Every structure is written in structure tokens, then in C-alpha cells.
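Numbering (the numbering used here), first residue to last: 15 to 232.
I have placed the structure first, in the form of C-alpha cells, so that the comments after it can refer back to it.
Structure, rendered in C-alpha cells:
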């Protein structure tokens, strides 16, 4: 998995068709970020101007600035399910944000999903809300907060790849064959209980105290 460092963000090239970028959010340069987006093809929507929290505005701007670093030349629109799309562009987009870090990804041909999750002990309280017994049984420990966060993030990435809100992490998404190789977490993901079952290989990696998970689509 070749990784290229560019200034303050990290670019991961999964394949010729699929690339991911992530970075920490810098909350000290609002005016500079605003100007950068204002001078681009991105449009400011009602949601942006309705936000009263400056940090949330900076996160909104930072996501679009990161997409500029990926060479994006299309605005973002959202469908009725809240899934982001590229306007007048056949490429596919996924976006994630957790705490002070953001991630974006573009696939030239297929819908996909990425997800960021901050690793905290709070995951222990909700593990039974998103994992079924079969998934818990495949773990050496059900109290490892990093592993639990990886599984949660993988499920969220699968949820985003599906793109609709009529499924649940526990009732419609299952992970199997979970393993760790060379610091990379892998699993098979399945979305079931829908018209056509969907299967994706999944990967995840650690970025400081965050998990970054994605559907592995060539």
C-alpha cells in the first residue's frame, strides 16, 4: 500500500482507481480556508451559513480543501439519504470525520465507503449494539477497544458504501474472517437482508489514535 506524504495530509493510493486522503484539522486558519474554497468551484450551501460553531465550519471547509488536494474538480451534492456525490461527475465520493481528523476518498468507477473513528473506551458500552454473537466469538478478547473500534469503523464504512438508511449495523451488516497482517486489519463484510446481498473485502489501519476503515474495491 504505497503512501505519499504531502505537506499536512497523507494520501493512500489503494489502486489506480481508488485513493484516500486524511489529515488533522487545523482550527487556526479560518480566513485562509474560506478564501481557498471561495476561489474554487465549491459552492457554499445553506447548511454552511446556518452553522454557528466556528470549528464545524472549519471542518466543512477542510474537507473541501482536502478534496482539492486530490485533484477534484466537481462540487459536492447530497442525495435524500445524506450520501455525498460529485456533481456532474461519474466518480464516487465518500467522506468521514471524527473528532479532529477528516478523511475523503474517490473511486473512479464504483461506490464505496470509508470511515474514521476515534479510539476511546466508550466503545465497550456499545459493543453489543453493533456486533452479533458470531462476530464477538471470532475475537481473542471482547474488551480490546482498538479491535472493537476497528470492527465498528468497518461496519460504518459498509453502511456508507450502501448509501441508504434502511439497514442497521447489527441487523444487516456482518463481518467475518477477521485478521491482522503487517499492522493492517482485514475482514470480509456482508450486507444482507436487502434485495441483493452485497459482499466487500474490508481493510482498516491505525492513524495515531484513530481507525481508518474502507471497503477494498479495485
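Glycine included, each C-beta is placed from N, C-alpha and C at the ideal position.
Bear in mind the structure is a predicted one, so any value in this text is a computation, not a measurement.
- Looking from the CA of residue 227, the closest CA among 118, 122, 211 and 155 belongs to 118.
- In the three-state reduction of the DSSP assignment, residue 118 falls in the strand class, which pools E and B.
- Here the C-alpha atom of residue 38 lies approximately 9 Å from the C-alpha atom of residue 113.
- Relative to the Cα of residue 171, the nearest Cα in the group 193, 127 and 24 belongs to 127.
- Residue 198 and residue 180 have their C-alpha atoms some 30 Å from each other.
- Closest option to residue 152, judged by alpha-carbon separation, among 201, 109 and 120: 201.
- Counting C-beta atoms within 10 angstroms of its own C-beta, residue 108 has 16 or more neighbours from the protein chains shown and is therefore classed as buried.
- Annotated as distal: residue 77 and residue 41, with beta-carbon spacing of 7 Å or more.
- In the three-state reduction of the DSSP assignment, residue 224 falls in the strand class.
- At a Cβ-Cβ threshold of 7 Å, residue 177 and residue 95 count as neighbours.
- Rounded to the nearest whole angstrom, the C-alpha separation of residue 62 and residue 218 is 30 Å.
- Proximity of the region 157 to 170 to the region 128 to 136 meets the contact definition, three or more beta-carbon pairs being nearer than 8 Å.
- Annotated as distal: residue 203 and residue 220, with beta-carbon spacing of 7 Å or more.
- Taking C-beta separations shorter than 6 Å and ignoring five residues to either side along the sequence, the partners of residue 207 in its chain run 186, following chain order.
- For residue 154, no alpha helix (DSSP H) run applies, since DSSP gives it neither H nor E.
- Approximately 6 Å separates the beta-carbon atoms of residue 44 and residue 68; this is inside 8 Å, confirming the contact.
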